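Residue numbers (our numbering): 481 to 591. Every residue, glycine too, gets a C-beta built ideally from N, C-alpha and C. Since we're looking at a predicted model, the values are computed, not measured. Okay, structure first, notes after.
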C-alpha cells in the first residue's frame, strides 16, 4: 500500500505533536506591588489548601491601590509535581471557573 506524501507528512506531524507535548509546569507569578497578604486556605482550619469535594476554599488578599477593581479566578488541577494534569475541567469542577469575584469586603488599616 502506498501512502500519499501529504498524508504521511500530516501523520508524522500529528505524532510529533502528541509525543512532544508535555504537561505544563505551573510557575508562580509574583503579585503586583499593590497586592499584599495573600492567603489561600480551606474553610475549616487554615491548613495547606487540599480541597475535598463539597468543601470550600478561602482566598484572601489586600489590594492597597485604593481603587476598586474586578478580580477573576481560575482553577487548575495539578499533579504532585505541580504540573498541569490532563484531567478535563469537568472531571474536577462542578460549574464554571474564570468567574468574577463578587463576595468581598474592603480592608482597612492595612499597609
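What is the residue span of the beta strand (DSSP E) that residue i lies within?
i	result
residue 517	515–522
residue 540	537–543
Tell me, which residues are paired with residue i by DSSP?
i	result
residue 564	558
residue 580	552
Where do the ends of the alpha helix (DSSP H) carrying residue i lie?
i	result
residue 570	569–572
With residue i and residue j assumed to form a contact (beta carbons below 8 Å), what rounded beta-carbon distance in angstroms separates them?
i	j	result
residue 577	residue 554	5 Å
residue 579	residue 551	Actually they do not touch by this definition, with Cβ atoms about 10 Å apart.
With a CB to CB cut of under 7 Å and the five nearest residues on each side skipped, what residues in its chain are close to residue i?
i	result
residue 572	557
residue 511	518
residue 549	543
residue 587	542
Within a Cβ cutoff of 8 Å, which residues of the same chain sit near residue i, ignoring the five residues on either side of it in sequence?
i	result
residue 545	514
residue 530	522
residue 506	556, 558, 562, 563 and 564
residue 570	none
Counting only the same chain and skipping the five closest in sequence on each side, list residues whose C-beta sits under 6 Å from that of residue i.
i	result
residue 567	557
Specify whether the stretch 540–550 and the stretch 512–519 touch according to this definition: at least 3 beta carbon pairs, one from each stretch, less than 8 Å apart. The answer is yes - the stretch 512–519 touches the stretch 540–550, with three or more Cβ pairs under 8 Å.
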